[in-house]
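Number of protein chains: 2
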Amino acid sequence: MREGLSVAEAQKIILEAAAPLGAETVPSADGLGRALAEAVVSGRTLPPEDNSAMDGYAVRAADLATPPVALPVVYEVPAGVHAPRPLERGEAARILTGAPLPPGADAVVRQEDTEREGATVRFVISPEPGAHIRRAGEDVERGAAVLDAGTCLGPAHLGMLASLGRTSVAVHRRPRVALLSGGNELVEPDGDITGGRIVSSNSYTLAAACREIGADPSYLGIARDEPADIERRLRAGLNCDALVSSAGVSVGDHDHVRSVLESLGCRLVFWGVKMKPGYPFVFGRFEGKPGPLVFGLPGNPVSAMVTFEELVRPALLAMAGHRALHRPRIVATLGETLTKKAGRLHFVRVRLERQGHEVVARTAGNQSSGVLRSMTQAQGLLIFPAEATRIGEGEPAQVQVIDPTFLASAGSGV
Amino acid sequence: MREGLSVAEAQKIILEAAAPLGAETVPSADGLGRALAEAVVSGRTLPPEDNSAMDGYAVRAADLATPPVALPVVYEVPAGVHAPRPLERGEAARILTGAPLPPGADAVVRQEDTEREGATVRFVISPEPGAHIRRAGEDVERGAAVLDAGTCLGPAHLGMLASLGRTSVAVHRRPRVALLSGGNELVEPDGDITGGRIVSSNSYTLAAACREIGADPSYLGIARDEPADIERRLRAGLNCDALVSSAGVSVGDHDHVRSVLESLGCRLVFWGVKMKPGYPFVFGRFEGKPGPLVFGLPGNPVSAMVTFEELVRPALLAMAGHRALHRPRIVATLGETLTKKAGRLHFVRVRLERQGHEVVARTAGNQSSGVLRSMTQAQGLLIFPAEATRIGEGEPAQVQVIDPTFLASAGSGV
Numbered sequence: 048m049r050e051g052l053s054v055a056e057a058q059k060i061i062l063e064a065a066a067p068l069g070a071e072t073v074p075s076a077d078g079l080g081r082a083l084a085e086a087v088v089s090g091r092t093l094p095p096e097d098n099s100a101m102d103g104y105a106v107r108a109a110d111l112a113t114p115p116v117a118l119p120v121v122y123e124v125p126a127g128v129h130a131p132r133p134l135e136r137g138e139a140a141r142i143l144t145g146a147p148l149p150p151g152a153d154a155v156v157r158q159e160d161t162e163r164e165g166a167t168v169r170f171v172i173s174p175e176p177g178a179h180i181r182r183a184g185e186d187v188e189r190g191a192a193v194l195d196a197g198t199c200l201g202p203a204h205l206g207m208l209a210s211l212g213r214t215s216v217a218v219h220r221r222p223r224v225a226l227l228s229g230g231n232e233l234v235e236p237d238g239d240i241t242g243g244r245i246v247s248s249n250s251y252t253l254a255a256a257c258r259e260i261g262a263d264p265s266y267l268g269i270a271r272d273e274p275a276d277i278e279r280r281l282r283a284g285l286n287c288d289a290l291v292s293s294a295g296v297s298v299g300d301h302d303h304v305r306s307v308l309e310s311l312g313c314r315l316v317f318w319g320v321k322m323k324p325g326y327p328f329v330f331g332r333f334e335g336k337p338g339p340l341v342f343g344l345p346g347n348p349v350s351a352m353v354t355f356e357e358l359v360r361p362a363l364l365a366m367a368g369h370r371a372l373h374r375p376r377i378v379a380t381l382g383e384t385l386t387k388k389a390g391r392l393h394f395v396r397v398r399l400e401r402q403g404h405e406v407v408a409r410t411a412g413n414q415s416s417g418v419l420r421s422m423t424q425a426q427g428l429l430i431f432p433a434e435a436t437r438i439g440e441g442e443p444a445q446v447q448v449i450d451p452t453f454l455a456s457a458g459s460g461v
Numbered sequence: 048m049r050e051g052l053s054v055a056e057a058q059k060i061i062l063e064a065a066a067p068l069g070a071e072t073v074p075s076a077d078g079l080g081r082a083l084a085e086a087v088v089s090g091r092t093l094p095p096e097d098n099s100a101m102d103g104y105a106v107r108a109a110d111l112a113t114p115p116v117a118l119p120v121v122y123e124v125p126a127g128v129h130a131p132r133p134l135e136r137g138e139a140a141r142i143l144t145g146a147p148l149p150p151g152a153d154a155v156v157r158q159e160d161t162e163r164e165g166a167t168v169r170f171v172i173s174p175e176p177g178a179h180i181r182r183a184g185e186d187v188e189r190g191a192a193v194l195d196a197g198t199c200l201g202p203a204h205l206g207m208l209a210s211l212g213r214t215s216v217a218v219h220r221r222p223r224v225a226l227l228s229g230g231n232e233l234v235e236p237d238g239d240i241t242g243g244r245i246v247s248s249n250s251y252t253l254a255a256a257c258r259e260i261g262a263d264p265s266y267l268g269i270a271r272d273e274p275a276d277i278e279r280r281l282r283a284g285l286n287c288d289a290l291v292s293s294a295g296v297s298v299g300d301h302d303h304v305r306s307v308l309e310s311l312g313c314r315l316v317f318w319g320v321k322m323k324p325g326y327p328f329v330f331g332r333f334e335g336k337p338g339p340l341v342f343g344l345p346g347n348p349v350s351a352m353v354t355f356e357e358l359v360r361p362a363l364l365a366m367a368g369h370r371a372l373h374r375p376r377i378v379a380t381l382g383e384t385l386t387k388k389a390g391r392l393h394f395v396r397v398r399l400e401r402q403g404h405e406v407v408a409r410t411a412g413n414q415s416s417g418v419l420r421s422m423t424q425a426q427g428l429l430i431f432p433a434e435a436t437r438i439g440e441g442e443p444a445q446v447q448v449i450d451p452t453f454l455a456s457a458g459s460g461v
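Chains as they are written, first to last, in the numbering used here: chain U, 48 to 461; chain S, 48 to 461.
This is the structure:
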């Protein structure tokens with residue numbers, strides 16, 4: 048097992064192991080946010096027939112070569128209905144937007160450019176052939192490649208599938224993620240927190256972080272620091288696609304998770320990532336037999352969230368078949384000077400403030416890895432590179448934006 | 048009823064009418080993405096007691112004033128357990144991370160700075176009082192304002208609620224949105240599309256657009272162009288928070304929706320917004336009696352999506368209690384010259400391409416309001432102001448980013 052990898056090395060190894068999951072067929076209406084596991088080819092021509100782009104009159108353009116011309120209105124074509132018969136020379140048909148063009152007609156004159164007089168309509172202009180006609184296939188030709196595999200399905204894609212008559216669609220499976228907390232000191236939120244016990248908040252933060260990206264968390268509960276209890280709970284997660292355990296705050300003496308994983312056939316690929324918060328991270332996988340990717344996170348609330356963010360989230364997105372794996376990133380200007388020792392990459396919780404064209408980043412309160420409150424206030428994680436020891440006030444730094452509302456505009460821009 | 052408003056006027060009137068909905072109490076674990084309807088004040092001190100930040104030994108600092116010093120290890124304090132008795136002068140206690148500090152102890156010495164010899168531990172350093180102790184209340188003091196009303200609940204906030212023992216929380220209600228399609232030519236996706244009939248894709252695009260922002264759509268079906276059918280369906284949506292109808296492509300002759308709305312007591316506030324796609328938009332509200340905000344959208348698929356985007360989506364977000372109402376906006380450089388007539392603001396469907404520090408915008412295919420395909424390809428809506436007639440290639444323009452994956456980074460930045 049390798050030890051003490053850089054964040055970049057760790058991400059690379061994990062993403063190489065995180066293959067897209069297989070496909071499943073879902074009702075198209077349930078496909079929002081899923082990644083297409085098929086290339087969608089149109090089985091239809093859309094629109095299927097030439098039709099009118101306007102409310103007006105279908106005509107033969109040659110009849111109106113020398114306006115003004117008055118023609119009898121021989122029938123009306125509403126949308127959704129075919130003309131009762133072809134349009135003959137010297138005839139006009141009332142036609143509404145979207146209605147199929149009568150055979151024989153080759154142009155539409157807008158209502159505004161006509162004068163209706165009883166059963167007759169008077170034209171004051173001479174249309175080009177093809178005027179105000181939407182051609183069959185203008186939107187989609189039959190056989191056209193409409194959506195690429197890997198497309199993340201949004202509202203327009205679902206509308207397109209509906210238009211194509213596709214009531215079901217193949218998408219990549221959502222990763223099922225088993226979440227295990229471990230530590231004798233952990234209790235559920237309604238538990239007693241006297242005697243140094245603390246709420247196991249990681250199962251809440253990590254379940255929400257899974258749901259936010261469309262992964263499907265299941266909770267294995269809080270394991271006591273005993274191999275038998277840990278093994279029983281881990282076994283219940285072996286049929287998932289990923290297993291995410293977070294230790295209690297007390298690592299070391301009481302950490303049996305790793306040895307139990309190995310006894311179950313999990314190969315531990317690496318241990319320790321040169322980052323802060325979050326050094327004690329383990330990545331494992333089952334080889335030669337089916338089993339989840341295994342992510343062992345540190346127990347401190349912030350360490351668990353930040354290692355999930357950097358090392359688990361991109362993998363789950365890749366497993367779901369998505370191509371966009373990483374948070375939006377901006378260059379921010381430091382609002383204060385940061386210093387640290389060389390060796391580990393620090394992810395600094397920051398507040399972000401727009402000042403003109405700049406974004407200024409300042410640390411979000413207490414950076415202790417036990418202080419979840421600063422994580423509730425952070426809008427970004429500032430990347431303080433491993434070998435850097437100082438970023439001065441006014442200097443630029445990369446910031447991963449973890450609060451999507453920060454990117455929203457204050458106004459619509461109109 | 049006012050007619051022909053600017054987009055900005057229309058947005059202003061709608062947002063003034065879109066008040067945050069009332070509160071409901073939900074299990075905290077279900078609160079992801081909801082807007083807090085209460086200010087959360089801590090009922091707990093976190094951590095509740097002074098505890099050890101490290102695995103090591105709890106001591107009285109004064110005992111180690113002149114190292115090296117060897118002390119007897121009188122007991123062990125794991126996390127989650129109180130010490131069996133106070134620590135007396137001349138004693139050390141083994142202590143694990145997170146474990147409560149024994150009464151009498153005032154410092155922790157890290158394991159790495161000690162040598163254990165059977166029941167005795169030898170210290171080679173002299174700690175400051177308070178060393179490696181996490182103080183009670185370091186994260187949160189009892190009575191502290193932890194989360195503001197209006198906060199959009201993300202993973203960290205849900206973890207914080209769990210830590211505070213808050214298993215339920217008050218959030219603003221999700222807007223219930225009734226969706227009605229109208230037009231004799233419309234069929235469901237599995238319907239027959241011969242004879243100029245078309246699939247009612249708007250119910251799919253708009254339902255997905257609602258779900259994307261946490262609103263709760265319900266579908267009233269396709270109304271025939273007959274007042275009785277329209278009225279029957281609209282009545283079924285009157286207990287929702289918003290009613291969004293989209294006409295068939297054929298507006299004008301067959302549009303009974305507005306008159307039915309008025310007969311039901313809806314006051315039509317304005318009609319027509321100077322935008323393209325999407326002029327024929329109507330906004331109404333019930334006054335003096337309960338009823339939904341009413342949004343009448345044009346029937347063309349792109350017109351329906353763009354008017355929803357600009358005039359309905361911000362209102363639904365405001366009703367859900369959110370503060371971030373508008374899409375991220377960037378300044379892009381035109382990759383081609385755009386021209387139009389003055390008078391209406393155009394929302395131009397564009398593809399976006401990063402080129403160094405710039406983003407270049409180019410139109411996404413056919414801009415006809417019937418061509419949904421270009422909407423599946425668009426990553427942004429470029430704002431071509433109402434009175435402008437030309438934006439030249441290489442010139443800047445504001446773009447609302449509607450494809451969230453465009454903002455994702457290609458890498459993690461580490």
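Every residue gets a Cβ at the ideal spot worked out from N, C-alpha and C, and that includes glycine.
These numbers were taken from a predicted model, which means no experiment stands behind them.
Output needed in chain order: residues of the stretch 119-141 of chain S with a Cβ under 7 Å from some Cβ in chain U.
Within the stretch 119-141 of chain S, those residues whose Cβ lies closer than 7 Å to any Cβ of chain U are, in chain order, P125, A126, G127, V128, H129.
Along the chain, where does the alpha helix (DSSP H) that runs through S:P202 open and close?
Per DSSP, the unbroken alpha helix (DSSP H) holding S:P202 starts and ends at 202-210.
Length-filtered (4 minimum) alpha helix (DSSP H) runs lying within the stretch 181-246 of chain U:
Listed in chain order, the complete alpha helix (DSSP H) runs (minimum 4 residues) inside the stretch 181-246 of chain U are 202-210.
Taking S:A294 and S:G346 to be in contact with their CB atoms under 8 Å, please state how far apart those CB atoms are, rounded to whole angstroms.
That belief holds up - the Cβ atoms of S:A294 and S:G346 are roughly 4 Å apart, short of 8 Å.
Are the stretch 110-123 of chain S and the stretch 141-156 of chain S touching by the rule of at least three beta carbon pairs closer than 8 Å?
These segments touch.
List, in order along the chain, the chain U residues whose C-beta lies closer than 7 Å to that of S:I172?
Ordered by position in chain U, no residue passes the 7 Å Cβ test against S:I172, which lies about 19 Å from the chain.
Identify which residue in S:A203, S:V87, S:A66, S:F170 has its Cα closest to the Cα of U:L419.
Of all alpha-carbon atoms in S:A203, S:V87, S:A66, S:F170, the one lying nearest the alpha-carbon of U:L419 is that of S:A203.
Going along chain S, which residues have a C-beta under 8 Å from U:Q7?
The displayed coordinates of chain U run from 48 to 461. Any statement about residue 7 of chain U would go beyond what the structure contains.
Local conformation of S:Y251 per DSSP, three classes:
Looking at S:Y251 - three-state DSSP - the assignment turns out to be helix.
Thinking C-alpha only, which one of S:E96, S:G137, S:R157, S:A117 is nearest S:V128?
If you compare the alpha carbons of S:E96, S:G137, S:R157, S:A117 with that of S:V128, the shortest gap goes to S:E96.
Contact criterion: CB-CB distance below 8 Å. Does U:G242 meet it with respect to chain S?
Closer than 8 Å: yes.
Are U:A289 and U:P337 closer than 8 Å when you measure CB to CB?
It is not a contact, given that the beta carbons lie outside the stated cut-off.
Ends of the beta strand (DSSP E) at U:Q445?
Start and end: 443-448.
N-terminal and C-terminal residue of the alpha helix (DSSP H) that S:E63 is part of:
For S:E63, the enclosing alpha helix (DSSP H) begins and ends at 54-64.
Relative to the C-alpha of U:S416, which candidate in U:T354, U:A166, U:I430, U:L381 has its C-alpha closest?
For U:S416, the nearest C-alpha among the options comes from U:T354.
For S:L454, return the contacting residues in chain U, with the cut-off set at a CB-CB distance below 8 Å.
Within chain U, the residues near S:L454 are P375, L454.
Which whole-angstrom value is the C-beta distance of S:A100 and S:V155, which I expect to be below 8 Å?
Right, their Cβ atoms sit about 7 Å apart.
Inter-residue spacing [alpha-carbon to alpha-carbon] between S:T167 and U:P375
If you take the alpha carbons of S:T167 and U:P375, they lie about 53 Å apart.
Taking S:R258 as the query, report the chain U residues whose CB atoms sit under 8 Å from its CB, ordered along the chain.
Scanning chain U for C-beta atoms nearer than 8 Å to the C-beta of S:R258 yields L79, reported in chain order.
Distance cutoff 8 Å, beta carbons only. Does U:S297 sit that close to anything in chain S?
Reliability fails at U:S297, whose pLDDT of 41 lies under 50, so the model's placement of it is uncertain and no value is given.
So, at 8 Å on beta carbons, what are the nonlocal neighbours of S:V296 in its own chain, with the 5 sequence-adjacent residues on each side left out?
Low confidence applies here, because S:V296 scores a pLDDT of 42, under 50, leaving its location unreliable and the question unanswered by this model.
Anything in the stretch 411-441 of chain U with a Cβ closer than 9 Å to a Cβ of chain S? List those residues in chain order, please.
Listed by position along the chain: N413, S415, G417, V418, L419, R420, S421, M422, T423, Q424, A425, I430, P432, A433.
Let me make sure I understand the geometry here. Which of S:L205, S:G368, S:A275 has the alpha-carbon closest to that of S:A262?
Of the listed residues, the one whose Cα sits closest to S:A262 is S:G368.
Proximal residues, the stretch 202-214 of chain S versus chain U, C-beta separation under 9 Å
Cβ contacts with chain U come from P202, A203, H204, L205, G206, M207, L208, A209, S210, L211, G212, R213, T214.
Just checking, does the stretch 263-276 of chain U make contact with the stretch 200-214 of chain S on the three C-beta pairs under 8 Å criterion?
Between the stretch 263-276 of chain U and the stretch 200-214 of chain S there are fewer than three inter-stretch CB-CB distances shorter than 8 Å, so the stretches are not counted as touching.
Looking at the C-beta of U:M348, does it have a partner C-beta in chain S at a distance below 8 Å?
Per the sequence shown, residue 348 of chain U should be read as Pro rather than Met. Closer than 8 Å to some Cβ of chain S, the Cβ of U:P348 qualifies, so yes.
When DSSP builds the beta bridges, which residues end up paired with S:Y266?
Among the bridge pairs identified by DSSP, S:Y266 is matched with S:L226.
What residues from chain S crowd round U:Q58, counting only those whose CB sits closer than 9 Å?
Residues of chain S passing the Cβ test: G458, S459, V461.
Own chain, CB closer than 8 Å to S:L62, minus 5 neighbours either side, in chain order:
Counting only Cβ-Cβ distances below 8 Å, and skipping sequence neighbours, we find P361, A362, A365, L372.
Classify U:C257 as helix, strand or coil using the three-state DSSP reduction.
Of the three classes helix, strand and coil, the one that applies to U:C257 here is helix, per DSSP.
Given U:P147 as reference, the closest of U:F330, U:P133, U:A256 once Cα atoms are compared:
Nearest option by C-alpha distance: U:P133.
Rounded to whole angstroms, what is the Cα-Cα separation between U:S310 and U:V304?
Near 10 Å, if we compare the C-alpha coordinates of U:V304 and U:S310.
Neighbour list for S:D186 in chain U, Cβ cutoff strictly below 7 Å:
Under the 7 Å cutoff, chain U gives G417, V418, L419, R420.
Run the CB neighbour count on U:M48, radius 10 Å, all protein chains shown included, and call it buried at 16 or more, exposed below.
An exposed status is given to U:M48, since fewer than 16 other beta-carbon atoms sit within 10 Å of its beta-carbon.
If I'm right that S:K321 touches S:A225 with Cβ under 8 Å, what's the distance once you round it to whole angstroms?
The C-beta distance from S:K321 to S:A225 rounds to 27 Å, too long to fall under 8 Å, and the pair is not in contact.
Would U:T241 be called buried (16 or more neighbouring beta carbons within 10 Å of its own) or exposed?
Exposed, by the Cβ-count rule.
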